[in-house]
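Peer 1: Protein chains in written order, with the numbering used here: chain A, 1 to 702; chain B, 703 to 1404. Dropping a structure here in structure tokens format, bear with me for questions.
2 protein chains.
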Amino acid sequence: MTTTTEPSPMVEPVETTAVPGRVPTSPTTGEGPRVDVAALHDTLLGRWPQWRSAARARSAEPDLWKDESLSMAEHRERVLTQCRLMAADPKRQSWLAFPARLGGGDAPGANLAGFEELVIADPSLQIKAGVQWGLFAAAILNLGTPEQHDRLLPAAMDLTVPGAFAMTETGHGSDVAAIGTTATYDPGTEEFVIHTPFRAAWKDYLGNAAAHATAATVFARLITGGVDYGVHCFYVPVRDAATGEFLPGIGGEDDGLKGGLRGVDNGRLWFDHVRVPRADLLARYGQVAADGTYTSSIDSPGRRFFTMLGSLVQGRVSLDGAAGVASRIGLAIATRYAAERRQFASATPDDEVVLLDYAVHRKRLFPRIAEAYALHFAHDRLLDLFDEVFSGRGDTPRQREDLETMAAALKATSTDFVLTTLQECREACGGAGFLTENRITSLRADMDVYATFEGDNTVLLQLVGKRLVGDYATALRTQVRTGQGQVRFVARRAAGVVLHRTPLRRAAQTLADAVKRPALGTCFGVDAQRELLAGRVAAKVEAVALALAPAQKADPVTGQEIFDRHQVALVDAARSHAELVRWDAFTAAVAATKDAGMRTVLGWLRDVYALTVIERDLGWFLANGRLSASRARAVESELDDLLRRLRPHVLDLVDAWGMGDNHLRAKIATGEERVRQDEARAYYASERASGNAPQKEKKRTR
Amino acid sequence: MTTTTEPSPMVEPVETTAVPGRVPTSPTTGEGPRVDVAALHDTLLGRWPQWRSAARARSAEPDLWKDESLSMAEHRERVLTQCRLMAADPKRQSWLAFPARLGGGDAPGANLAGFEELVIADPSLQIKAGVQWGLFAAAILNLGTPEQHDRLLPAAMDLTVPGAFAMTETGHGSDVAAIGTTATYDPGTEEFVIHTPFRAAWKDYLGNAAAHATAATVFARLITGGVDYGVHCFYVPVRDAATGEFLPGIGGEDDGLKGGLRGVDNGRLWFDHVRVPRADLLARYGQVAADGTYTSSIDSPGRRFFTMLGSLVQGRVSLDGAAGVASRIGLAIATRYAAERRQFASATPDDEVVLLDYAVHRKRLFPRIAEAYALHFAHDRLLDLFDEVFSGRGDTPRQREDLETMAAALKATSTDFVLTTLQECREACGGAGFLTENRITSLRADMDVYATFEGDNTVLLQLVGKRLVGDYATALRTQVRTGQGQVRFVARRAAGVVLHRTPLRRAAQTLADAVKRPALGTCFGVDAQRELLAGRVAAKVEAVALALAPAQKADPVTGQEIFDRHQVALVDAARSHAELVRWDAFTAAVAATKDAGMRTVLGWLRDVYALTVIERDLGWFLANGRLSASRARAVESELDDLLRRLRPHVLDLVDAWGMGDNHLRAKIATGEERVRQDEARAYYASERASGNAPQKEKKRTR
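Right under this line is the structure:
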């Protein structure tokens, strides 16, 4: 435990010096650096190791596991029961984010560190718990007043009131500002009238809504005195807790079967002039007086809207973490299996090659292991920032904005990464990977929706791209203001164009390379990596910013046309930004590693990440003069060298994730393959020894 | 119907002039070329339109549909029942591939054209039917003698005997030559003794094995007279048809739940000294006389093995077709939804932008529509070749080899394409895409295993790569033999290196480009496309061939090391080859299109395919001097232009696939989204008209 931990008023979780799960230390053959698996494991537990460990240990207990044999209805009930077990847990880990005066821990970061690990047990459990504590109760916490906390939170926290988070509508998901549900204030009765005016305004895809929710935090446009004050949130009872029937004026539908997360009862809700007391507008950011007068501490409707939505960023933060956990499960299964599974004859007589010793197999898995590490380190930084803002220690508008941008960038790319990674892992395990007993397909199905809920990934990347472009414009203005002069800035930019965009530098570098080709292993050092990755983001953002600039002064149609021309580039810039954020976090983690051997291996892994990112976008680096052809061709061979160098360490790197048999729950990752092979080998050996082995045909007839 | 059709002795299927399903003609706004949807639909039906249409129409009938609500056990029974319906169908379409004297059609190509369409009904049904008729019965047909056909085929064809195809073992999938099951001849009783010597030799992942099979075609190493003659196939009864119990000496296990295809009862089988009569060795390629003497028309054990395995190529051919069908279903759903779904405000007041009018959305879907067309045209060529070989009209070793290579290349890449495409489609539909009622996640889960069964995609690509390298070596030798001289060949190659590999040409082209930048729309004409795509394959193959050449003379360990260094490049060359095959087929189809307008639109679509392929591998083209930086940068903008140009035609291109509501079975593709939007729009309009609409806050307070 090398990191600092927050003091907590709550029951201490289990000790973590005894690492939960299996963390075997692989015997290191030969010389060279080695990974101290236990030490790396402890480092990876991060800033709240006791809570992360506790959640990981709890997730390894069978009563929280996904039961693949259940029907949808049975699975839903099982997950509800599991949530009740968690609510009743004396450690009260699920309450960590809530106020200490209500039994919580005032510890938002520690809360997420543990919450993310629930994916190990069952993603349905994670999401059902996330709906209850991370969305429904969190909406009360983040959008409500202290009085509302005291009145509404306890029943939400202890699951007396299972709740839905009713924001998305059938007609509008990512564009929350355009929802159709209205909450019209009636000063005569001091009530809000919640109403669904048409089918597209039905609330949809809501966890807990199909079966279990007895209340919901409902987002609706607040109308009072004939004015629409935009989207606000209301606490609305929806079902009779005793009978399970909808309350008068409320109806809904079951979303039915889904591609995954079948333990979550997603559904639809509609409201027909449902009256709720004035006190149940969650009133932190906007209040309505008895006479209908609207007040808010935030004057700008736009800023108020984004502040309210921004307070719900923890969902995105936690999904980034959950995507990392699920990626590590898949990679651990596939890597362990590949370390044992043999196919096709080897150079050694009577033996076959282990999958990990095939170049293609290394290329399929190792870069993803490196990227999973990059995800991990960047996510730790995201958790830090989240905790700083939400603990109140560093809650500034700038930090909030940074947090939202980072959460959007990382969530959008990690939830994409987990899907392609689990698919690669499943295919890398062949037919065995397709069997549910080996976990991967089930996990992938559950993770699928992470790509579009809590913000569609494309929409999120666009948001990140716009923020980057905005920052660029601000930097431009700041330079002018501080007297550095736009002329100089533009000149620098022009120099950049000359150096990187036009063929001149490329031609020069090409000819220089023809004379002095850089030696392998030296041309992609850490400085070169950063220059390439940071330079790429700067160049892409600059290009989009310059291209979009005319849109601001254009008429709406032309403006939209200009935006449309550069939307793909905007999203692409945001993806590159996320990769730079991860590279930076990875590099900082390497630098912070004390043990020299471990630092070396993690450094190689970081190099693999950098080269993988560069290889993915090689065309851009070449077309924009950032890499010469010879350096570009060196990427592949250098990467190949690194993957070979990592081969003896890869099981250690996977073991450091601390995933034991009860976390992986995949038969092929238990060593059964090795047992089968030993038996087969023993059989053939005894056949040969007995002299009964049949001759090979060609030996006789040829 | 412009293509020729085979005469068939069988019952004629339904007429196809009335196109099954909905094929509406989109109104074309404005001028320019247009697509004749009905004509294109007919063209796409290909060479056996009546059989493809019949299967498509049959798949649109509810009794063959996948029922998502069923448990695994119920789904298995439903699919068995569906197979029985198909077997009893008076059109006997399932029997098309079998001998006419047994009630079949002697029409292997027509058979597959229909079989592929079964994916529309339920991929489990396709695979269960494929196991019965395409593997179990096909093994009897392709590996058996006419006497065995007469004796064993009828019960397999009419499903009196449901059968398993017992080739894969737990320990060996793609490496069939290494299976452990033995069939030892006992001349005393004139029987073979089928035996599973250890756990890794259990037959595994076999469709029909867990529940329904009463017989199996079992692959085992044939041993007679103390000599192992390699893998042969045996007809082995496995269950008592009356009781469903395993026969003596036979056991097994259920593979249980899988990531998809839950209607197929995959399972494991083992044999404990099970005796089968000598007559039940499927004896087309190898025979054992009563006294145990082995004979074969093929002397070389290696060639015999590959001939036997090659006779089973139709599985791969049909999976390529099935992957195309499933891709089209997903793309049709996502495109129709995107044509109606609106999100975020547009330049037009009070309206929102249709998803298809977002550049990112076009870029997500249109290139995949183009690639789906490329898949289609290449698959038609594959079917032609398959029919030629398996009808006997063109059954030469060279054609067989070409067929196997083409099937491997196309299957390995199309079954990868379908998975990424269905995922893109599901995400493009947001949360709605995740609901089972919208089909895509269910279809994707079922298609998942297509990537690893009937040959693991990586192994298949390696096989293709090796063939390409072998062809290169043959060409080299042929040149020497024909007196053209290796010197000249090497000189040409050296010139190629100078032109394409070294920086010289790049530098020259770079400087030339700086002076005369090619105008957009002209720099990627059809000749340039072919030069780029064919040149890429040639260069990649040549590079690998030269790199691998020393391995042939090296010791085994060094040889394996050399191979390992270039395995990734070998597989990469094979992928590029598949893309060239598709581009060629697409281009031939464009050229064959009579209607000028349609030819224009299909030409654009082919250009999109070409530029998509080039963009995917842009780094290679640049690093190897095939594209200058400015041409490379033009790829993106030219592609963007093409996607805009295709925007008015994209629904036509999708409609030409002939997928009606009963084929798609996705609620979001039925027009319900448009109905919801019309209702919402009418509501807001009436609010405004009544004067009751609330004011916007900012209008009042700012």
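Note that the Cβ used here is the ideal one computed from N, Cα and C, for glycine as well. The structure presented is a predicted model; accordingly, all values stated were derived computationally and were not measured.
In whole angstroms, give me the CA-to-CA distance for H149(A) and L141(A).
Peer 2: For H149(A) and L141(A), the distance between alpha carbons rounds to 6 angstroms.
Peer 1: Can you give me the Cβ contacts of T502(A) inside the same chain, cut-off strictly under 7 angstroms, excluding the 5 residues immediately before and after it?
Peer 2: Reliability fails at T502(A), whose pLDDT of 36 lies under 50, so the model's placement of it is uncertain and no value is given.
Peer 1: Just how far apart, CA to CA, sit V1166(B) and A138(A)?
Peer 2: So the two alpha carbons sit approximately 55 angstroms from each other.
Peer 1: Less than 8 angstroms between the C-beta atoms of E427(A) and T1154(B), yes or no?
Peer 2: Yes, the pair counts as a contact, with Cβ atoms nearer than the cut-off.
Peer 1: Would you say L445(A) reaches chain B, if we count a Cβ-Cβ gap shorter than 8 angstroms as a contact?
Peer 2: Reading off the sequence shown, one finds Ala at residue 445(A), where the question assumed Leu. For A445(A), the answer is yes, since a Cβ of chain B falls inside 8 angstroms of its Cβ.
Peer 1: Taking Cβ-Cβ distances below 7 angstroms as the criterion, which residues of the stretch 211-234 of chain A are in contact with chain B?
Peer 2: Hits within the stretch, in order: I223, G226, V227, D228, Y229 and G230.
Peer 1: I need the straight-line Cα distance from L639(A) to L627(A), nearest angstrom please.
Peer 2: When rounded, the distance between both Cα atoms is 16 angstroms.
Peer 1: Can you tell me whether A495(A) is buried or exposed, with buried defined as 16 or more other CB within 10 angstroms of its CB?
Peer 2: Only weak support exists for where A495(A) lies, its pLDDT of 41 falling under 50; the value from the coordinates is given anyway. A495(A) is exposed by the Cβ-count criterion.
Peer 1: Could you name the residues that DSSP lists as bridge partners for G1132(B)?
Peer 2: In the DSSP output, where bridge partners are listed per residue, G1132(B) has none listed.
Peer 1: Along the chain, where does the beta strand (DSSP E) containing C935(B) start, and where does it finish?
Peer 2: Where C935(B) is concerned, the enclosing beta strand (DSSP E) stretches over V929 to P939.
Peer 1: When you compare only the Cα positions, how much space is there between L40(A) and A1175(B)?
Peer 2: About 50 angstroms.
Peer 1: Can you name, in chain order, every residue of its own chain whose Cβ lies under 6 angstroms from the Cβ of T1107(B), other than the five neighbours on each side?
Peer 2: Taken in chain order, the residues that qualify are V1166 and R1169.
Peer 1: I need the straight-line Cα distance from A857(B) to V1283(B), nearest angstrom please.
Peer 2: Distance between the alpha carbons of A857(B) and V1283(B) is about 39 angstroms.
Peer 1: Is K258(A) close to chain B, meaning its C-beta is less than 8 angstroms from at least one C-beta of that chain?
Peer 2: Yes, K258(A) lies at the interface with chain B (some Cβ there is under 8 angstroms from its Cβ).
Peer 1: When you compare only the Cα positions, how much space is there between L570(A) and A578(A)?
Peer 2: The alpha-carbon atoms of L570(A) and A578(A) are separated by roughly 13 angstroms.
Peer 1: What does the Cβ neighbour count give for G1360(B), buried or exposed, with the cut at 16 atoms within 10 Å?
Peer 2: It is buried - the Cβ of G1360(B) has at least 16 other Cβ atoms within 10 Å.
Peer 1: Note the first and the last residue of the continuous beta strand (DSSP E) segment covering T886(B).
Peer 2: Residues T884 to D888.
Peer 1: On the criterion of 16 or more Cβ atoms from any shown chain inside 10 Å, does V1259(B) qualify as buried, or is it exposed?
Peer 2: Answer is exposed; the Cβ neighbour count stays below 16.
Peer 1: At a CB distance below 8 angstroms, what residues from the stretch 156-170 of chain A approach chain B? Give them in sequence order.
Peer 2: So the list reads T168 and T170, given in the order they occur along the chain.
Peer 1: Return the chain-ordered ranges of every beta strand (DSSP E) run that is complete within the stretch 1046-1087 of chain B and spans a minimum of 3 residues.
Peer 2: With a minimum length of 3 residues, the continuous beta strand (DSSP E) runs that stay inside the stretch 1046-1087 of chain B are 1054-1056.
Peer 1: My understanding is that G163(A) touches Q132(A), with C-beta atoms under 8 angstroms, so please give their C-beta distance in whole angstroms.
Peer 2: 6 angstroms between Cβ atoms; contact.
Peer 1: Along the chain, where does the alpha helix (DSSP H) that runs through T1314(B) open and close?
Peer 2: Per DSSP, T1314(B) belongs to the alpha helix (DSSP H) from A1298 to R1318.
Peer 1: Pairs of beta-carbons, one from the stretch 220-233 of chain A and one from the stretch 179-186 of chain A, closer than 8 angstroms: are there three or more?
Peer 2: With the cut-off at 8 angstroms, the stretch 220-233 of chain A and the stretch 179-186 of chain A touch.
Peer 1: Tell me which residue opens and which closes the alpha helix (DSSP H) that R1018(B) is part of.
Peer 2: Q1016 to E1042 is the span of the alpha helix (DSSP H), which, as asked, contains R1018(B).
Peer 1: Note down, in chain order, each residue of its chain lying with its Cβ closer than 7 angstroms to the Cβ of V490(A), except the 5 sequence neighbours on either side.
Peer 2: Low local confidence applies: a pLDDT of 45 at V490(A) is under 50, so the model's placement there is unreliable, with the coordinate-based value given in what follows. Cβ within range, chain order: n/a, list empty.
Peer 1: Helix, strand or coil for A902(B), going by three-state DSSP, please let me know.
Peer 2: A902(B): helix per DSSP, three-state reduction.
Peer 1: So, does the CB of Y205(A) fall closer than 8 angstroms to a CB anywhere in chain B?
Peer 2: Answer yes: the Cβ-Cβ gap between Y205(A) and chain B drops below 8 angstroms somewhere.
Peer 1: Got a sec: is the Cβ-Cβ distance from S1392(B) to anything in chain A below 8 angstroms?
Peer 2: Judged by the 8 angstroms Cβ criterion, S1392(B) is not in contact with chain A.
Peer 1: Would a check of beta-carbon distances place D564(A) closer than 8 angstroms to chain B?
Peer 2: At least one chain B Cβ lies under 8 angstroms of D564(A).
Peer 1: Closer than 8 angstroms, Cβ to Cβ, to anything on chain B: give me those residues from the stretch 191-202 of chain A, in chain order.
Peer 2: For the stretch 191-202 of chain A, which is checked against every Cβ of chain B, the residues closer than 8 angstroms are P197, F198, R199, A200 and A201.
Peer 1: If we call anything under 8 angstroms between Cβ atoms a contact, is V218(A) one with H273(A)?
Peer 2: No, these two residues do not count as a Cβ contact at 8 angstroms.
Peer 1: Would you say A334(A) and L365(A) are within 8 angstroms of each other, going by their C-beta atoms?
Peer 2: Yes. Within cutoff.
Peer 1: Which residue's Cα is closest to the Cα of R47(A): L385(A), V541(A) and Y285(A)?
Peer 2: For the residues L385(A), V541(A) and Y285(A), the minimum Cα distance to R47(A) belongs to L385(A).
Peer 1: Using a Cβ distance threshold of 8 angstroms, determine whether the stretch 783-800 of chain B contacts the stretch 808-822 of chain B, with at least three qualifying pairs required.
Peer 2: In short, these stretches touch, since the Cβ pair count reaches three.
Peer 1: May I have the straight-line CA-CA distance separating G1237(B) from S637(A), to the nearest angstrom?
Peer 2: If I take the Cα positions, the gap works out to 22 angstroms.
Peer 1: Alpha carbon to alpha carbon, what distance is there between L983(B) and G846(B)?
Peer 2: Those two C-alpha atoms are separated by around 8 angstroms.
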